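Right, one structure below, let's go through it.
Number of protein chains: 2
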Amino acid sequence: MKKISDSTISRLSTYYRTLSHLIDQGIETVSSEQIAEINNITSAQVRKDLSFFGSFGKRGLGYNTRDLRDQIANILGLSKKWNVALVGVGNIGRALIDYAEFKKQGFHIKALFDNDPKKVGQEIGGLKIHHMDSVCNVVKEEKIEIAIIAVPAKVAQSVVDSLVKCGVKAFLNFAPITIKAPDDVMVKNENMSIELEALSYFLTQNEKGD
Amino acid sequence: MKKISDSTISRLSTYYRTLSHLIDQGIETVSSEQIAEINNITSAQVRKDLSFFGSFGKRGLGYNTRDLRDQIANILGLSKKWNVALVGVGNIGRALIDYAEFKKQGFHIKALFDNDPKKVGQEIGGLKIHHMDSVCNVVKEEKIEIAIIAVPAKVAQSVVDSLVKCGVKAFLNFAPITIKAPDDVMVKNENMSIELEALSYFLTQNEKGD
DNA sequence: AATTGTGAACCTCTTCACAGCT
DNA sequence: AGCTGTGAAGAGGTTCACAATT
């Protein structure tokens, strides 16, 4: 299949959420213009994004909200449940365990890892914390497909290396470091400092402008 | 000043971190090729990004790590301290209060807000939790410049509206919703679901390919 | 009359490639 | 000899504008 850009995929995610909200409000039909308005983009962008995957609308009428949401769920692979491991049960990690949004979208945290001897063996939310020594056993047992990396930067690369060896191919990385991985492995970064620094840059520019 | 792209700014952030690591290791000189290698990009990209702001290297030699880090800190506005408010003291919010990486980069959380009557008045990490009713007073008192939005999607827009009225112009939004704000206000989004859904899409494509 | 789906035009970002400096 | 800084070329993403459809 033709390579679809990252931005198209992340916009599909936002359309998915938009459609869910509209459905909750009992709205059955929506135009590309309305979806665009809600998300501060252009209607051409919405239509182009969808066009990579098919024709989901009716000319003159727009899109059926339920239909389109289900189509996008299929495209993004949200119709199935994903088994997720969380590595690093610190502040960020613990917050993510209870993050309702994840489970709502079919991402189920099924395994916890941490190498701190004080934490190994403990339970959080009904999940036992494992040492990374037993990583491949747990990954196989729980059929882990995605790993969330919430460990300090120093050890993030080696944690990913271990998980890649067990066959995990998708990572959400919270460590502020660029992870190296084989081509068939995907690493997405969630780096809050980068966004804050962009705000800092923006405010600094503004001050100069004044 | 010429408009610099978001991607350039976020790469500057990663160069900043790369340089900090190199300095910690006692390395004094670095080439664009080395910076590129560490971050999985091309050396031309590194040089081009820097070229928007000046000439910081020496031909034939490369860049002085300390020099370049300080230059980037100035560009990004990291030489000053930023006063940050955190709105929404739930799981995510609480994790962010202790997030060391923020403070290290000069982002100091100086005020907490939450409208849950059980939380208002409590203290976390030496900070009192305020009700949003007193938002403008606190913003003025603590000279808040940046707000982190960690409230449920339903109320995120109205929280931002209130803060904009008090003069806050920069937001880091964790709510899974597109925030509307005036042109002179910047909103950066940190949406973990979007990244996870990109992983879900990637894995789904892979399965089809097999 | 309204709105989609899409080729073409446009714009922006990335990479190339090399002159210029150390 | 080695590496930067940058104009030009190339690639990729976004917007336009309109024919096609309901």
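Order-wise, the sequence lines are chains V and C. Sequence positions in the first sequence follow numbering that gives the first Met the number 0 and run 0 to 209. Sequence positions in the second sequence follow numbering that gives the first Met the number 0 and run 0 to 209. Note that the Cβ used here is the ideal one computed from N, Cα and C, for glycine as well. Only a predicted model underlies this, so the values are computations on that prediction, with no experimental measurement involved.
Cβ of Q104(V) less than 9 angstroms from any chain C Cβ?
-> yes
Runs of beta strand (DSSP E) wholly within the region 70 to 105 of chain V (minimum 3 residues, chain order) | 81 to 86
Quick one: grab the DSSP three-state call for H107(C).
-> The three-state reading of DSSP puts H107(C) in strand, counting E and B together.
For K142(C), count neighbouring Cβ atoms within 10 angstroms of its own Cβ and tell me buried if that reaches 16, exposed if not.
-> exposed
List the residues of chain V that E194(C) touches, going by C-beta distances under 7 angstroms, in chain order.
-> Identification of chain V residues near E194(C) by a Cβ-Cβ cut-off of 7 angstroms yields L171, K187 and E189, ordered along the chain.
From the DSSP output, read off the bridge partner residues of F170(V).
-> A146(V) and V186(V)
Contact belief for A149(C) with L85(C) at Cβ below 8 angstroms, rounded distance in angstroms | 6 angstroms
What is the rounded straight-line gap between the Cα of K187(C) and the Cα of L162(V)?
-> 31 angstroms
What three-state label does DSSP hand N136(C) in the structure shown?
-> helix
Neighbour flag for T13(V) against chain C, beta carbons, 9 angstroms | yes
For G56(V) versus S31(V), is the C-beta distance shorter than 9 angstroms?
-> yes
Taking 9 angstroms as the CB-CB limit, is D97(V) close to chain C?
-> yes
Anticipated Cβ contact below 8 angstroms, Q82(V) with K109(V), distance rounded = The sequence shown places Asn at residue 82(V), rather than the Gln named in the question. Confirmed, about 5 angstroms.
With 16 other CB atoms within 10 Å as the buried threshold, where does N73(V) fall?
-> That one is exposed.
Check whether M185(C) and A197(V) have beta carbons under 9 angstroms apart | yes
Close-in-space but distant-in-sequence residues of the same chain around G124(C) (CB under 6 angstroms, 5 per side omitted) = Contacts found: I96.
Can you tell me the Cα-Cα spacing of L21(V) and T64(V), whole angstroms?
-> 7 angstroms
Interface residues of chain V facing A94(C) [CB-CB closer than 9 angstroms] = G89, N90, I91, G92, R93, A94 and L95
Taking the Cβ atom as the reference point for each residue, do R215(C) and D48(C) lie within a distance shorter than 9 angstroms?
-> The question about residue 215(C) has no answer here: the residues shown for chain C are numbered 0 through 209.
For E189(C), does the count of other Cβ atoms within 10 angstroms reach 16, so buried, or fall short, so exposed?
-> buried
How about R68(V): is its C-beta nearer than 9 angstroms to some C-beta of chain C?
-> No, because no Cβ of chain C sits closer than 9 angstroms to the Cβ of R68(V).
Best match in I176(C), V138(C), V159(C) and K164(C) for proximity to F170(C) [C-alpha to C-alpha] | V159(C)
Contacts around V119(V), its chain only, beta-carbon distance under 8 angstroms, and the 5 residues preceding and following it disregarded = D113, I128, H129 and H130
Would you mind reading off the limits of the alpha helix (DSSP H) that contains I34(V)?
-> S31 to I37
When we look at the beta-carbon of E140(C) and count the other beta-carbons within 10 Å, is it buried (16 or more) or exposed?
-> exposed
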